[in-house]
Amino acid sequence: MSKTNEKSKFTVVIVGGGASGIASASSLLSRDKKLDIAIIEPSDKHYYQPGWTLVGGGIFQPEQTCRDTADFIPDAVTWVKGAVATFNPAANQVVLEDGREIQYEALIVAPGIKLDWNAIEGLQETLGKNGVTSNYRFDLAPYTWQLVQGLKSGKALFTQPPMPIKCAGAPQKALYLSGDYWFRHGRINNVNIEFHNAGGVLFGVKEYVPALMEYIQKYRANVRFMSRLVKIDGPAHKAWFEVTKDGVKTIEEQDFDMIHVCPPQTAPDFIRSSPLADAAGWIEVKQDTLQHTRFANIFGLGDAGSTPNAKTAAAARKQAPVVSANVISLLAGRPLTAAYDGYGSCPLTVERGKIVLAEFLYGGKLAPSFPKWLNDGTKPTRLAWALKERFLPPLYWHAMLKGREWLAKPLSIIAD
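Throughout the sequence shown, residue numbering follows my numbering, covering 305 to 720 in sequence.
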């Protein structure tokens, strides 16, 4: 990897050195090893975020989910270490917070998503103590496991904010793995579990709901729909929810012994305030080619994109080859022919050793990777657990981030 940060002009600039950004760089180099590419990324650490659910459930250790960023940015790519302030698409320019200006011929924008902890009053100051935790942070997932083991009886709350969020199943995965532990240790009748969901359904693709409801019942969980966490007092062990019923909003107070919080989420601030954003603040791209709707030499993917797919690592794994193939076509003056079909995957860990493997395309169309006789994705299976625990982490580190597109070849459909 080049350490030269003085250079200011590249053929392809990638904003974001997370899963989507590094996968895109590696996919580009697999197609053209001579490309002059830069990745703009401020962080020294790279995280396998899908593993944090398993850390919170006592299956993974935190260090299994963290590596050095430098180990995964390809050798042929220049790492521009810094944070983006704004974009000037008319001048093909990215401006960094320290004032540096980086020029590009093609731009790939993959900055991830913002976890807005401050959107819930009192949350930021009590995270990691007073029984308040979240698997959405590397340093907090171990605290989740500590709380689960320590709770002999009492009330455990789990929250889910309004969509969109990354890995929409993660808030309830925390519930299931916690409930499984209490069930196996004979505590389930002494723990009052509540799932406060700001939406109106347990899961967005209805075919998976019956299997999930069986576990909701097994763990004696009370599901509260249209209930949004708005305030928390950690020392007092109290939480307040805005509950909507028949169009009327009221505030309800709840006591808790532990609470697992999923924070509201938005596109990063520098995206929302940029000319790349749509009205909702996301990078405005076409659903198939992932090309920006107004700036032809800009592409967006990952959690900050406007595409209506599930925001998961599995989606990014499918999107990166589409973007890289289309960037190569753009630079060569050819039509864009690679298309993304909206694939997303959410391995719903309903108990230790079993997973409901939800896989779907745009519009919630089921897209199973295995024949039904081998793995029925609408039901919990041990095969899906083995996939999540043993196969997906090495697939992430050694295939997706290395540009190996196993089971991720882009569709060849000519875009309009």
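For each residue, glycine too, the CB sits at the ideal point set by N, CA and C. Note that the coordinates shown come from a computational prediction; the quantities given were computed from them, not determined experimentally.
| query | Does the separation of the CB atoms of Thr373 and Lys349 fall below 8 Å? | reply | As a working note, residue 373 is residue 69 in the sequence shown. As a working note, residue 349 is residue 45 in the sequence shown. Result yes, Cβ atoms of Thr373 and Lys349 sit closer than 8 Å.
| request: Measure the alpha-carbon distance for Trp486 versus Ala688 and round it to whole angstroms. | output: For the purposes of this step, residue 486 is identified with residue 182 of the sequence shown, where counting begins at 1. For the purposes of this step, residue 688 is identified with residue 384 of the sequence shown, where counting begins at 1. One C-alpha to the other measures close to 22 Å.
| Buried versus exposed, by CB contacts within 10 Å (16 or more), Met722 | Here the chain has residues from 305 to 720 only, and residue 722 is not among them.
| With a CB to CB cut of under 6 Å and the five nearest residues on each side skipped, what residues in its chain are close to Gly362? | If you number the sequence shown from 1, residue 362 lands on position 58. Result list for Gly362: Trp449, in chain order.
| CA-to-CA distance, Ile343 to Ser306, given in whole angstroms | Counting from one through the sequence shown, the residue named residue 306 turns up at place 2. Counting from one through the sequence shown, the residue named residue 343 turns up at place 39. Annotation note: pLDDT 46 at Ser306 (below 50); position unreliable, no value reported.
| said: I'd like to know whether the C-beta atoms of Arg524 and Phe499 end up nearer to each other than 8 Å. | reply: Taking the first residue of the sequence shown as 1, we reach residue 524 at position 220. Taking the first residue of the sequence shown as 1, we reach residue 499 at position 195. No, Cβ-Cβ distance for Arg524 and Phe499 is not below 8 Å.
| task | Note down the Cα distance separating Arg638 from Val631, rounded to an integer number of angstroms. | result | Taking the first residue of the sequence shown as position 1, residue 638 is located at position 334. Taking the first residue of the sequence shown as position 1, residue 631 is located at position 327. Whole-angstrom Cα-Cα distance: 10 Å.
| field | Host beta strand (DSSP E) of Thr357 (start-end) | value | As a working note, residue 357 is residue 53 in the sequence shown. Bounds of any beta strand (DSSP E) do not take in Thr357; it lies within the alpha helix (DSSP H) bounded by Trp356 to Gly360.
| Does the Cβ-Cβ distance between Leu705 and Ala327 come in under 8 Å? | What you label residue 705 is simply residue 401 of the sequence shown in a count that begins at 1. What you label residue 327 is simply residue 23 of the sequence shown in a count that begins at 1. Cβ atoms of Leu705 and Ala327: closer than 8 Å.
| task | Leaving aside the five residues before and after Gln727 along the sequence, list all residues of the same chain whose C-beta is less than 8 Å from its C-beta, in chain order. | result | Past the boundaries of the shown model lies residue 727; the chain is included only from 305 to 720, so the question cannot be answered.
| request: Spatial neighbours of Phe603 within its chain, please: CB distance less than 6 Å, with the 5 preceding and 5 following residues excluded, ordered by chain position. | output: As a first step, residue 603 is located in the sequence shown; it is residue number 299 there, counting from the start. The beta carbon of Phe603 lies closer than 6 Å to those of Ile412, Leu594, Gln595 and Val627 in the same chain, with the five residues before and after it left out.
| request: Could you check what DSSP says for Lys418 in three-state terms: helix, strand or coil? | output: Walking along the sequence shown from the start, residue 418 turns up at place 114. Note: Lys418 maps to strand in three-state DSSP.
| field | Extent of the continuous alpha helix (DSSP H) to which Asp537 belongs | value | For the purposes of this step, residue 537 is identified with residue 233 of the sequence shown, where counting begins at 1. Premise fails: Asp537 lies in the beta strand (DSSP E), Ser531 to Asp537, not in any alpha helix (DSSP H).
| message | For a cutoff of 8 Å on Cβ pairs, would you count Leu594 as touching chain D? | response | The displayed structure is made up of one protein chain only, and chain D is not part of it.
| Inter-residue Cα distance where the pair is Gln464 and Pro567 | If you number the sequence shown from 1, residue 464 lands on position 160. If you number the sequence shown from 1, residue 567 lands on position 263. Gln464 and Pro567 have their C-alpha atoms spaced approximately 7 Å apart.
| Could you give the distance in angstroms between the alpha-carbon of Ser716 and the alpha-carbon of Val660? | The count along the sequence shown starts at 1 and reaches residue 716 at position 412. The count along the sequence shown starts at 1 and reaches residue 660 at position 356. Near 30 Å, if we compare the C-alpha coordinates of Val660 and Ser716.
| Would Tyr352 pass as a contact of Tyr700 if the rule is Cβ separation under 8 Å? | Numbered from its first residue, the sequence shown carries residue 352 at position 48. Numbered from its first residue, the sequence shown carries residue 700 at position 396. Their beta carbons are under 8 Å apart, which means Tyr352 touches Tyr700 by this criterion.
| message | What does the Cβ neighbour count give for Thr308, buried or exposed, with the cut at 16 atoms within 10 Å? | response | Along the sequence shown, read from residue 1 onward, the residue named residue 308 stands at position 4. With a pLDDT of 46 at Thr308, under the threshold of 50, the predicted position of this residue should be treated as unreliable, though the coordinate-derived value follows. For Thr308, the number of other beta carbons within 10 angstroms of its own is below 16, and it is reported as exposed.
| task | Give the DSSP-derived three-state secondary structure of Leu605 in the structure shown. | result | Position 301 of the sequence shown, counting from 1, holds the residue named residue 605. Correct three-state label for Leu605: coil.
| request: Going by CA-CA distance only, name the one from Asp443, Lys433 and Phe442 that's closest to Leu451. | output: As a first step, residue 451 is located in the sequence shown; it is residue number 147 there, counting from the start. It is Lys433.
| field | Nearest residue (CA-CA) to Leu635, options Leu455, Arg335, Pro612 and Gly320 | value | For the purposes of this step, residue 635 is identified with residue 331 of the sequence shown, where counting begins at 1. Proximity to Leu635 across Leu455, Arg335, Pro612 and Gly320 peaks at Arg335, based on C-alpha coordinates.
| said: Taking the alpha-carbon of Lys337 as reference, which of Pro612, Gln397 and Gly707 has the nearest alpha-carbon? | reply: Reading the sequence shown from its first residue, position 33 is the one you call residue 337. Among Pro612, Gln397 and Gly707, the Cα nearest to that of Lys337 is on Gly707.
| message | Short of 7 Å in beta carbon distance, which residues of its chain neighbour Val317, apart from the five on each side in sequence? Order them along the chain. | response | One-based indexing of the sequence shown puts residue 317 at position 13. Closer than 7 Å at the Cβ level, and outside the excluded window around Val317, lie Ala342, Ile344, Val398, Ile406, Tyr408 and Leu411.
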